[in-house]
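Student:
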Amino acid sequence: MGVLAAERIKLTSTRSPWWCSAVVVVLGIGLAVLIALVTNADSTGDSGEGPPLLTPSVAVSGVAGFGVMVLMIMAALTVTSEYRFGVIRSSFLAVPNRSKVVLSKTALVGIYSAVLTGVLALIAFILAKLITGDDAPGLVLDGNWRAIYSVPIYAFLCVMLAIGVGVLVRQSAAAISLIVLWSLLLENLLGAFGSFGRTVKPFLPFQNANRFLSVEEYAGNWHWGVWGSLVYFAVFVAIVFAGALVVVNRRDA
Numbered sequence: 001m002g003v004l005a006a007e008r009i010k011l012t013s014t015r016s017p018w019w020c021s022a023v024v025v026v027l028g029i030g031l032a033v034l035i036a037l038v039t040n041a042d043s044t045g046d047s048g049e050g051p052p053l054l055t056p057s058v059a060v061s062g063v064a065g066f067g068v069m070v071l072m073i074m075a076a077l078t079v080t081s082e083y084r085f086g087v088i089r090s091s092f093l094a095v096p097n098r099s100k101v102v103l104s105k106t107a108l109v110g111i112y113s114a115v116l117t118g119v120l121a122l123i124a125f126i127l128a129k130l131i132t133g134d135d136a137p138g139l140v141l142d143g144n145w146r147a148i149y150s151v152p153i154y155a156f157l158c159v160m161l162a163i164g165v166g167v168l169v170r171q172s173a174a175a176i177s178l179i180v181l182w183s184l185l186l187e188n189l190l191g192a193f194g195s196f197g198r199t200v201k202p203f204l205p206f207q208n209a210n211r212f213l214s215v216e217e218y219a220g221n222w223h224w225g226v227w228g229s230l231v232y233f234a235v236f237v238a239i240v241f242a243g244a245l246v247v248v249n250r251r252d253a
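For the sequence shown, the UniProt record's numbering gives the first residue as 1, with consecutive numbering after it.
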């Protein structure tokens with residue numbers, strides 16, 4: 001409990017977590033409202049065949065996409081900033097069990113991120129529904145609850161991954177670059193190479209995570225179900241995080 005209290009003080013006494021949280025709120029809610037307003041303005045669609053498709057997954061995409069990315073950056077900085085300023089050495093001197101420090105930080109930031117994104121996902125859906133009304137017949141939760149509860153699960157796993165990467169590389173620029181390029185660019189590029197991309201795509205971790213987040217049919221030759229995709233992503237995160245725990249106990253602070 002003492003380690004958790006120390007990590008809570010670190011998290012709440014610095015400005016970056018508050019700024020990051022504000023950015024997540026603005027992106028998550030703002031994008032949902034913007035998409036709903038566009039749907040209302042173009043209720044007949046570009047082809048005159050009906051309203052643009054708006055589903056729960058699209059409504060919460062600001063939270064699950066940009067919002068979680070900001071939280072991943074924040075999580076990585078909670079580690080790399082301590083290495084940069086030497087604060088991590090004091091933590092390891094006070095708590096010789098280094099794994100306990102990393103696990104406490106992960107639990108605190110991960111639970112906070114999960115709660116924040118879960119609440120924002122529900123608010124984003126409600127606002128989008130209130131704005132669009134009957135103009136978005138696909139915006140219903142009956143059979144689509146996974147679009148809401150998948151977001152906090154994804155956020156927790158992403159925070160866990162970001163902290164693991166931060167522990168491994170120790171530098172803020174390297175950790176942020178790896179997180180952003182990996183999830184937004186590298187996997188999309190690999191999946192774009194014709195037959196090779198179609199073969200590799202089912203084994204890319206963030207592609208599996210995106211499949212779990214989406215209530216629509218996700219393109220690809222998948223070898224397992226939607227929940228299998230979540231398990232695949234979780235196992236990948238666990239491997240990276242376990243590697244970080246091994247390295248942090250073997251390497252000098």
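We put the beta carbon where it would ideally sit given N, CA and C, even for glycine.
So, using beta-carbon positions, are Ala147 and Ala36 closer together than 9 Å?
Tutor: no
Student: So, under 8 Å CB-CB, Leu127 and Ile29 are touching, yes? Tell me the CB distance rounded to an integer number of Å.
Tutor: 7 Å
Student: Out of Ser104, Gly67, Glu82, which has the shortest C-alpha to C-alpha gap to Gln171?
Tutor: Glu82
Student: So Val167 packs on Leu178, CB below 8 Å; how close in whole Å?
Tutor: The Cβ separation is near 12 Å, so there is no contact.
Student: Which of helix, strand or coil does DSSP assign to Gly220?
Tutor: coil
Student: How many angstroms separate the CA atom of Ser217 from the CA atom of Ile88?
Tutor: With the sequence shown as reference, residue 217 is identified as Glu, and Ser is not the correct amino acid for it. If you take the alpha carbons of Glu217 and Ile88, they lie about 44 Å apart.
Student: Could you check what DSSP says for Thr132 in three-state terms: helix, strand or coil?
Tutor: helix
Student: Evaluate Pro17 with the Cβ neighbour count: other Cβ atoms within 10 Å of its Cβ, from every protein chain shown; 16 or more gives buried, anything less gives exposed.
Tutor: buried
Student: Three or more C-beta pairs closer than 8 Å, one from the stretch 69–85 and one from the stretch 118–133: is that the case here?
Tutor: no
Student: Might you give, ordered along the chain, the residues of its own chain that have their beta carbon closer than 8 Å to the beta carbon of Ile111, omitting 5 neighbours on each side?
Tutor: Phe156
Student: Counting C-beta neighbours from all protein chains within 10 Å, is the total for Leu184 16 or more, i.e. buried, or is it exposed?
Tutor: exposed
Student: Under DSSP, the alpha helix (DSSP H) around Arg251 begins and ends at which residues?
Tutor: Arg251 -> no alpha helix (DSSP H), and no H or E assigned at all.
Student: Can you name the start and end residues of the alpha helix (DSSP H) that Thr14 belongs to?
Tutor: No alpha helix (DSSP H) contains Thr14, which DSSP labels as neither H nor E.
Student: Could you check what DSSP says for Ile192 in three-state terms: helix, strand or coil?
Tutor: According to the sequence shown, residue 192 is Ala rather than Ile. DSSP places Ala192 in coil when its eight states are reduced to three.
Student: Would you mind listing the alpha helix (DSSP H) stretches within the stretch 100–185 that are 4+ residues and don't spill past its ends, in chain order?
Tutor: 146–169, 172–181
Student: Let me see if you follow: with CB-CB separation under 9 Å, is Arg98 close to chain D or not?
Tutor: No chain D is present in this structure, which holds just one protein chain.
Student: Taking the continuous alpha helix (DSSP H) assigned at Leu77, which residues delimit it?
Tutor: 68–85
Student: Note down the Cα distance separating Val235 from Leu31, rounded to an integer number of angstroms.
Tutor: 31 Å
Student: Rounded to whole angstroms, what's the CA-CA distance from Ile163 to Leu53? Just pull it up for me.
Tutor: 36 Å
Student: Beta-carbon separation of Val109 and Val70 under 9 Å?
Tutor: no
Student: Measure from the alpha carbon of Val180 to the alpha carbon of each residue in Gly194, Arg198, Leu161, then state which is nearest.
Tutor: In terms of CA proximity to Val180, Leu161 leads the group Gly194, Arg198, Leu161.
Student: Kindly indicate the opening and closing residues of the alpha helix (DSSP H) around Pro205.
Tutor: 205–213
Student: Within its chain, find whatever has a CB closer than 7 Å to the CB of Glu187; leave out the 5 residues flanking it on each side and keep chain order.
Tutor: Leu204, Phe206, Gln207
Student: Between Val215 and Val95, is the Cβ-Cβ spacing less than 9 Å?
Tutor: no
Student: Run through DSSP, which three-state label would Thr199 get?
Tutor: helix
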